[in-house]
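Chains as they are written, first to last, in the numbering used here: chain G, 787 to 1143; chain F, 1364 to 1483; chain R, 2 to 479. Right, one structure below, let's go through it.
Following this line, the structure appears as structure tokens:
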């Protein structure tokens, strides 16, 4: 019987048109793939579910453990740590969740509690695990490892991280920058001297944050990077001079209000005005007209911060009547200077708009 | 025992605050989001309110403005990630008593809570 | 005579086959590209410390623009949930586009609004503005409500652009449900890029049947209706497979009107939203790209695959047909307006790949398919069809369509896994099996009708009547 069937199939197949064979083969091919994907979906689902279940367990355990560790004076630290290490740090998943949770706690806490978490991290033997990750070689494990090291201020021999400062991957670069910043005792931005790739705004945000919240030493002299060859580093340094109130560098900033790049010029005007350098207005008002709109808006903002209605009026004639964005900015500032004339300025503007006076 | 309402949406922060403030001998009530907080505020009065600014459903600012309108003497501490001057100033202008930024030091927070409670 | 006809049918059949194979391999390529991009995206973003971002003074302030037309049902909750977005500095501009219901009164009452004299200029011409409202309550100081004469969605957005304060704008549908960190995620491409970033777009997800409370997503559920459920699959395919791949080569042509972020200055310079097309979202991005390309300035459009925005999709066949009809017209109009770009090497990949892809595979595909079916029927009547050949061919196409959906489903499982209940998987597989037979013909027919309507000169929006997002809490209140 079986033979008969097979025989039939062969002749059936050979009698088919080639196009039908082709179609049938394609269908089979697609179906097999679809079933394959379907199995993969189910497998991922089961795998993820089990994993999430375990994660949740470990997570709840950790919240209890970490809170007792940090805030309960009666908690027998040494004993409990040993116990936790033996019982709950066996699989790599448990280790991963623990690392993540300690990092999460650390991110939200500072002061003594943060120090205690750092000590706990090494007592649990998690540093070795991070170092393994660092050596694993793919860019994302490297970045993740450096991130953990710097978050928890774990010192590893310098050369291990320094090689990543100019890594082609943005993320690796950023993490190694933050690492050398957070672990520095002085001159935290030394890495800028070695940086050859532009800093994105994103990176600048994280560097500034780390400077404020992690770095404990004396603030660096930001003027040392004002002649850096990367404009983004110059931009960053100008801004930091203002954020750190380094009034002593005001003179060094002055040339930058005439810089050819608008971004630098904008940053210089913005920084000088937040340093409340009132002489700034004399330098920028006469040249108002020569600037691009971006800079003009910033000059108006500086007048708003440092000047008076008198100074504002000096700009008034320099604004083109059809440059609405500037005019509205101008009038808004004027309204701020002359609160009692607010409504008059508004109705005059509306009249002008309607009738083109 | 003083009643403290903690309004916060980060579970880790909630747990830590609950743990620490309970250890300090306070009665801690938790609201996980703005809507829950609003309900608790309508039902009850508290000796101190600790709130985040960015909350689901109802913003911290709206809660503060509600508290100041109905129980103006209840001290409010804001616990927020914001460090921006204008946000902090807005909060003080609305009448909050203290502003603590995250990351925070639990010991420092516990002291500030004690100080405000002894004042009122 | 007979042999000429035979030749013709043979040539035609081959053409259809070649076209089909090209489309299929196109899909295959985008799938592979998407997989790489999703993996990369996840790796890039697996350690994120939002605190640093929220504290930064360097995050640009955002103006969120939300046009509202007769949204009285949910507008108060929707605005409240917009106010609670996680972002350090933003304003919300609600543009009441001449609603005939009581939306405006509801807003005025709930948020203590009063008219305010605000200086503005019409950088883009719009319909008349009746009033601009601000709140007297300090807690709502970043809320502005604009009341204007009705002019359609594009006009409302343009009004918002004229009035808003900040340089980065985010255009959303007022009824869409945003995740908490939607703005933080969407702004990232603007900050982390060497090039000028002109826009960034996000993924739209299907909100039908999800549990929503006060404008927030509480639980993701699979839609109850078949029509909406197919669209879950469709959105997986479009966003996780299609747009993800285009974003890898940075040649995305469409940012959904329901959720996109733009550089305001560039939008104004490009002329704002076009009020004469029903595809204003696609048309704007194409125009912005074209402008940048003509200026020769290097630029980027970002794309964020995380599920950040949930919106209600059509639940009934009728509304679905109107929507697809409109999409077809929007695509056709956009391609027509920018026909100069097509196959123009001056526009590089945009001219040589993106626009032709849209022309051949998005606009033309339903027409070719329709012609193919007509051709098939003619041959059937002339007794030129061999049933076995047809059946095998049909089966091959069908299995491919199914495979494609299953792949998209796999991508979702691998990346975000939003539909957590086990039974959902089987329901989605079932939907994928039925889609090519039940759903696809309707969508194709709507596209054909869309082109037909376009030729007749119809350009109104199909009215989308909303079922209202399921809202258990509110139902209890009633």
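Glycine residues also receive a C-beta, built at the ideal position from the N, C-alpha and C atoms. Here the structure is a predicted model, which means the values were calculated and not measured.
Item	Value
Length-filtered (3 minimum) beta strand (DSSP E) runs lying within the region 293-338 of chain R	300-312
Under 7 Å (Cβ pairs) to chain F, residues found in the region 205-228 of chain R	215 and 217
Residues in the region 24-57 of chain R having any Cβ partner in chain G nearer than 7 Å	44, 45, 47, 48, 50, 52, 53, 54, 56 and 57
Cβ distance (whole Å) where residue 263 of chain R is taken to contact residue 184 of chain R below 8 Å	No, residue 263 of chain R and residue 184 of chain R are not in contact; Cβ-Cβ is about 13 Å, not under 8 Å.
Whole-Å CB distance - residue 1464 of chain F paired with residue 1443 of chain F, under 8 Å assumed	6 Å
Close Cβ partners of residue 970 of chain G (< 8 Å) along its chain, the five nearest in sequence each way excluded	976, 1001 and 1003
Assumed close pair residue 1413 of chain F, residue 1440 of chain F - CB separation to whole angstroms, cut-off 8 Å	5 Å
Burial state of residue 1079 of chain G (16 or more Cβ within 10 Å)	exposed
Span separating the alpha-carbon of residue 4 of chain R from that of residue 206 of chain R	53 Å
Test: residue 1048 of chain G CB closer than 8 Å to a CB of chain F	no
For residue 846 of chain G and residue 1364 of chain F, the rounded distance between their alpha carbons	28 Å
First and last residue of the uninterrupted alpha helix (DSSP H) at residue 978 of chain G	977-980
Contact belief for residue 1009 of chain G with residue 1038 of chain G at Cβ below 8 Å, rounded distance in angstroms	5 Å
Where the beta strand (DSSP E) containing residue 134 of chain R begins and where it ends	130-136
Three-state secondary structure assigned by DSSP to residue 1423 of chain F	helix
For residue 1049 of chain G, the nearest candidate out of G:1129, G:1013 and G:1017 (CA to CA)	G:1017
Status (buried if at least 16 other CB within 10 Å, exposed otherwise) for residue 1367 of chain F	buried
CB of residue 803 of chain G within 8 Å of CB of residue 397 of chain R, strictly	no
Buried versus exposed, by CB contacts within 10 Å (16 or more), residue 1469 of chain F	buried
Residues near residue 1425 of chain F by beta carbon distance below 8 Å, same chain, minus five either side	1397
Buried versus exposed, by CB contacts within 10 Å (16 or more), residue 982 of chain G	exposed
Beta carbon of residue 924 of chain G nearer than 8 Å to that of residue 856 of chain G	no
Endpoints, the alpha helix (DSSP H) within which residue 409 of chain R is located	388-416
Cβ distance (whole Å) where residue 1006 of chain G is taken to contact residue 974 of chain G below 8 Å	6 Å
Residue-chain proximity (residue 20 of chain R, chain F), Cβ-Cβ < 8 Å	no
Inter-residue spacing [alpha-carbon to alpha-carbon] between residue 1376 of chain F and residue 1471 of chain F	15 Å
Between the CA atoms of residue 828 of chain G and residue 401 of chain R - distance to the nearest angstrom	20 Å
Alpha-carbon to alpha-carbon, residue 1453 of chain F and residue 1415 of chain F	14 Å
Closest Cα partner of residue 181 of chain R within the set R:320, R:308 and R:117	R:308
Buried or exposed by the 16-neighbour rule on C-beta atoms within 10 Å, applied to residue 1140 of chain G	exposed
Any C-beta of chain R under 8 Å from that of residue 1430 of chain F	no
C-beta atoms of residue 96 of chain R and residue 157 of chain R nearer than 8 Å	yes
Neighbour-count burial assignment, residue 1383 of chain F, 16 or more Cβ in a 10 Å radius	buried
Cβ pair count under 8 Å reaching 3, the region 26-41 of chain R against the region 126-135 of chain R	no
Chain R contact residues for residue 805 of chain G, given Cβ-Cβ distances below 7 Å	390
Through-space distance from residue 1417 of chain F to residue 86 of chain R, alpha-carbon basis	7 Å
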